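Trainee: Shown below is the structure under consideration.
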Amino acid sequence: MAEQYHTEHNVWTPPVYDTSQAPVQVYSSLLNDTRSDENRVRDPTVFARVAKWCPDGSAALAQCEDRTFRFLRLPEELLGIAPESTASLPGDLTQSAPILDYAWYPAASVRSAASFCFVASIRECPVKLLDASDGRLRASYKIVDHRERQIAPHSLAFNVGANRLYCGFEDAVEVFDIHCPGEGTRLHTTPSKKSRDGLKGIISALAFASDASSGLYAAGSLSPSSPTSSNIGIFSEDTGEAPVMFVGAEGGQHGAGFGVRASVSQLMFNPARPYLLYAAFRRMASIFCWDLRGDVGEPVEIFGARSMPISGNARQVREATTNQRVRFDIDYGGRWLSAGDQDGGISVFDLAAQSVPANGENAPQPGPTPRTTPIMQFEGHRDAVGSVAFHPLRPLLLSVSGSRHFDRPKSESGDASGLSSSDSDDENEVVETAGGNSAKQKPSPVVTIRRRRPQPVALDASVKLWRFERATGLSNPGDV
């Protein structure tokens, strides 16, 4: 009798990524081609700095160089959504000043109008809660300094409960109750300006552990680690300003107990193993990993690309020399880590290839930190890869590229020979003399002053979507 009431429940499982072969490019487009038809203008100075999936993967939003948020027009059949769901989305959302950071609301979905929103940090403006469907302002959260100036945070993060918003700026973290717009609670990361203790500098990265019971979050600073303290601290929602611990770097290189001598650009916890913290730094190609269950004085693993031939050409991996943020991502299953580089390459690391043991009786003897190389590398773009993002429900990887180049390529600077021929015609101008005879008159030297400063250009401002599964006969819509 009980069997007739038995119902079968669907259990969600993370997407399976096939890394035995190179991923298939299923979509590729220039950034300007993702706009609506009436606004489609090729501007070589515009590129996407970062693109993030909506929490349910129903939409992708990019932060662009021209002070706009732009929805990426990706094929609906690949995302598993109805075409009418994204048909009404705006092409772009223009802001009044440069964008510093943004974050999706944890329950945002294109299928729910009430939760489809995100927060944005705009320079010299309060933090804005924007409706993603039309860009209208829902609420604002202001951070004011001692001179009554509006401060825009450099990092934004929601807690696991999605009821508090954490904003990082200089020497402090502001905490807001998202249901009560206005002013928040300030948590100072250092006792005072002159103090050498605590976390000093601009808080450039925030990340929460997926374990809701712990309430832990990590904060990183743009100021490189000093000889007395690290620039990455672990805090708890329960303890407030008091840090739980600081993470360090390799003892043989930087001194035991102290952090990496570089600015923190990104922090992220492993979604499946929330005790593992990953960090990326400015002008460094390596990604560091710490195990918070034991000694955090040294990382347990360092991920870095290796030199390998790609598409028949020998590609040499060099140390990062750009100040641009190059963001990495970890899939929801906590198995794969992907990161781009400044040369257009994309690397994929297997986080389960070398399991991180707990510190205890079975812990290995102290030694050099193991360095892990990617199991896959492929050429994704012709410019720096600003960010990569795994789709939360499907084996897809989204990548965007672009960076500032002041040395404009010859193909874009015009035909030099045509310009010289025009100048020569002007110099050999024929004028009439008083006797009626024509003669060639040599003009006086002319100094040309460029009134407009040279604008940087992006070599490849493109958006691409990669599928990590065996071919199923689907076509590649949008390949260019």
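Residues in the sequence shown are numbered from 398 upward in steps of one, following the numbering used here. C-beta atoms are modelled at their ideal positions from N, C-alpha and C, and glycine is treated no differently. Quick caveat, the model's predicted, so the values are computed rather than measured.
#1: Apply the 10 Å Cβ neighbour rule to Gly579 and answer buried if 16 or more other Cβ atoms are within range, or exposed otherwise.
#2: Taking the beta strand (DSSP E) that Ser784 falls in, what are its first and last residues?
#3: Cα separation between Val854 and Asp635?
#4: Which class does Thr483 belong to by DSSP, given the choice of helix, strand or coil?
#5: When the Cα atoms are used, what is the spatial distance from Trp878 to Ser425?
#6: Which first and last residues belong to the alpha helix (DSSP H) in which Glu698 is found?
#7: Tell me, please, which residues DSSP counts as bridged to Thr769.
#8: So which of Leu748, Arg724 and Asp740 has the shortest CA-CA distance to Ala602?
#9: Whole-angstrom Cβ separation of Pro696 and Phe685, contact assumed at under 8 Å?
#10: Does the beta-carbon distance from Val524 to Leu486 come in below 9 Å?
#11: Assuming the contact rule is C-beta atoms closer than 8 Å, Asn628 and Gly595 should be a hit. Round their C-beta distance to whole Å, please.
#12: For Leu476, report the span of its alpha helix (DSSP H) as first-last.
#13: Check the Cβ-Cβ distances between Ser589 and every residue of chain B, and say whether any is below 9 Å.
#14: Bridge partners of Trp409, per DSSP?
#15: Excluding sequence positions up to five away, which residues of its chain have a Cβ less than 6 Å from the Cβ of Glu826?
#16: Using the Cα positions of Ser878 and Ser633, report the straight-line distance between them to the nearest angstrom.
#17: Less than 8 Å separating the Cβ of His551 from some heavy atom of the ligand FMN?
#18: Whose C-alpha, out of Val843, Phe515 and Ser800, is nearest the C-alpha of Val443?
#19: Ala786 to Val843, Cα distance in whole Å?
#20: Nearest-angstrom Cα distance between Asp498 and Ile519?
#21: Measure the beta-carbon distance from Lys861 to Gly777 and round it to whole angstroms, keeping in mind my assumption that it falls under 8 Å.
#22: Just checking, does the segment 479-496 make contact with the segment 455-467 on the three C-beta pairs under 8 Å criterion?
#23: Under 8 Å by Cβ, that's how I've got Pro792 and Pro472 pegged, so tell me the actual separation to the nearest angstrom.
#24: Answer yes or no: do Ala749 and Thr769 have a C-beta to C-beta separation smaller than 9 Å?
#25: I'd like the span of the beta strand (DSSP E) that includes Ala677, first residue to last.
#26: Give the DSSP-derived three-state secondary structure of Ile707 in the structure shown.
#27: Using the three-state DSSP reduction, which class does Leu428 fall into: helix, strand or coil?
#28: From the DSSP output, in three-state form, read off Asp728 for me.
#29: Does Asp453 pass the burial test, meaning 16 or more other C-beta atoms within 10 Å, or should it be called exposed?
#30: Once the 5 residues before and after Ala569 are set aside, which same chain residues still bring their CB inside 7 Å of it?
#31: Val661 bridges to which residues according to DSSP?
#32: Looking at Asp740 and Leu734, is the spacing between their C-beta atoms short of 9 Å?
#33: Please report the residue range of the beta strand (DSSP E) in which Arg467 lies.
#34: Can you list, in chain order, the residues of its chain with a C-beta nearer than 6 Å to that of Leu664? Leave out the 5 residues immediately preceding and following it.
#35: Have a look at the DSSP bridge pairing and note the partners of His802.
#36: Could you compute how far the alpha carbon of Gly581 sits from the alpha carbon of Arg680?
Mentor: On the basis of the coordinates in this document:
#1: For this step, residue 579 is matched to residue 182 along the sequence shown. Classification for Gly579: exposed.
#2: One-based indexing of the sequence shown puts residue 784 at position 387. Unbroken beta strand (DSSP E) run through Ser784: Val782 to Phe787.
#3: Within the sequence shown, residue 854 is the residue found at index 457, counting from 1. Within the sequence shown, residue 635 is the residue found at index 238, counting from 1. About 47 Å.
#4: Taking the first residue of the sequence shown as position 1, residue 483 is located at position 86. Residue state, collapsed to three classes: helix.
#5: There is no way to answer for residue 878, as the model of the chain reaches only from 398 to 877.
#6: The count along the sequence shown starts at 1 and reaches residue 698 at position 301. Segment Glu698 to Phe700 is the beta strand (DSSP E) holding Glu698; no alpha helix (DSSP H) there.
#7: The sequence position of residue 769 within the sequence shown is 372, counting from 1. In the DSSP output, where bridge partners are listed per residue, Thr769 has Phe700.
#8: Here residue 602 refers to the residue found at position 205 when the sequence shown is read from its first residue. Per the Cα distances, Arg724.
#9: The count along the sequence shown starts at 1 and reaches residue 696 at position 299. The count along the sequence shown starts at 1 and reaches residue 685 at position 288. Confirmed, Cβ separation roughly 4 Å.
#10: Mapped onto the sequence shown, residue 524 falls at position 127. Mapped onto the sequence shown, residue 486 falls at position 89. No.
#11: Walking along the sequence shown from the start, residue 628 turns up at place 231. Walking along the sequence shown from the start, residue 595 turns up at place 198. Not a contact, Cβ separation roughly 11 Å.
#12: Indexing the sequence shown from 1 puts residue 476 at position 79. Glu473 to Leu476 is the span of the alpha helix (DSSP H), which, as asked, contains Leu476.
#13: Checking the listed chains, one finds no chain B in this structure; it contains a single protein chain.
#14: Position 12 of the sequence shown, counted from the first residue, corresponds to residue 409. Bridge partners of Trp409: none, in fact.
#15: One-based indexing of the sequence shown puts residue 826 at position 429. Confidence at Glu826 is low in this model, with a pLDDT of 42, below 50, so the placement of that residue should be treated as unreliable; the coordinate-derived value is given next. Excluding the 5 residues flanking it on each side, Glu826 has no same chain C-beta neighbour closer than 6 Å.
#16: Nothing about residue 878 can be reported from this structure: the residues present for the chain run from 398 to 877 only.
#17: What this structure holds is no ligand at all, so the ligand FMN is not there to describe.
#18: Here the question's residue 443 lines up with position 46 in the sequence shown. Residue Ser800 holds the alpha-carbon nearest to the alpha-carbon of Val443 among Val843, Phe515 and Ser800.
#19: Translated into positions along the sequence shown, residue 786 becomes position 389. Translated into positions along the sequence shown, residue 843 becomes position 446. Roughly 53 Å between the two C-alpha positions.
#20: To locate residue 498, count along the sequence shown from 1; it is residue 101. To locate residue 519, count along the sequence shown from 1; it is residue 122. Taking the straight line from one Cα to the other gives about 8 Å.
#21: As a position in the sequence shown, residue 861 is number 464, starting the count at 1. As a position in the sequence shown, residue 777 is number 380, starting the count at 1. Confirmed, about 6 Å.
#22: As far as the Cβ criterion goes, the segment 479-496 touches the segment 455-467, which means the pair count is three or higher.
#23: The residue you call residue 792 lines up with position 395 of the sequence shown. The residue you call residue 472 lines up with position 75 of the sequence shown. Your pair Pro792 and Pro472 does not check out as a contact, with CB atoms roughly 15 Å apart and the cut at 8 Å.
#24: Taking the first residue of the sequence shown as 1, we reach residue 749 at position 352. Taking the first residue of the sequence shown as 1, we reach residue 769 at position 372. The answer is no: Cβ separation not under 9 Å.
#25: Indexing the sequence shown from 1 puts residue 677 at position 280. Looking at the DSSP string, the run of the beta strand (DSSP E) that includes Ala677 is Leu673 to Phe678.
#26: Position 310 of the sequence shown holds residue 707. Model confidence at Ile707 stands at a pLDDT of 43, short of 50, so the residue's coordinates are unreliable; what they give is reported in the following sentence. In the structure shown, Ile707 falls within a strand segment according to DSSP collapsed to helix, strand and coil.
#27: For the purposes of this step, residue 428 is taken as residue 31 along the sequence shown, with counting starting at 1. Under the three-state reduction of DSSP, Leu428 is assigned to helix.
#28: Counting from 1 along the sequence shown, the entry for residue 728 is found at position 331. Coil.
#29: Working through the sequence shown from its first residue, we reach residue 453 at position 56. Label assigned to Asp453: buried.
#30: Position 172 of the sequence shown, counted from the first residue, corresponds to residue 569. Counting only Cβ-Cβ distances below 7 Å, and skipping sequence neighbours, we find Arg583, Leu584, His585 and Thr586.
#31: Within the sequence shown, the letter at position 264 stands for residue 661. Beta-bridge partners assigned by DSSP to Val661: Phe678.
#32: As a first step, residue 734 is located in the sequence shown; it is residue number 337 there, counting from the start. As a first step, residue 740 is located in the sequence shown; it is residue number 343 there, counting from the start. Not in contact: Leu734 and Asp740 (Cβ atoms no closer than 9 Å).
#33: Taking the first residue of the sequence shown as position 1, residue 467 is located at position 70. Element bounds for Arg467: Thr465 to Phe468.
#34: Stepping through the sequence shown from its first residue, residue 664 is reached at position 267. For Leu664, the CB contacts under 6 Å within the same chain, skipping 5 residues up- and downstream, are Ala602, Ala604, Ala615, Gly617 and Ala676 in chain order.
#35: The residue given as residue 802 occupies position 405 in the sequence shown. Listed as beta-bridge partners of His802 by DSSP are Val854.
#36: On the sequence shown, position 184 is the one that residue 581 refers to. On the sequence shown, position 283 is the one that residue 680 refers to. Using only the alpha carbons, I get a separation of about 33 Å.
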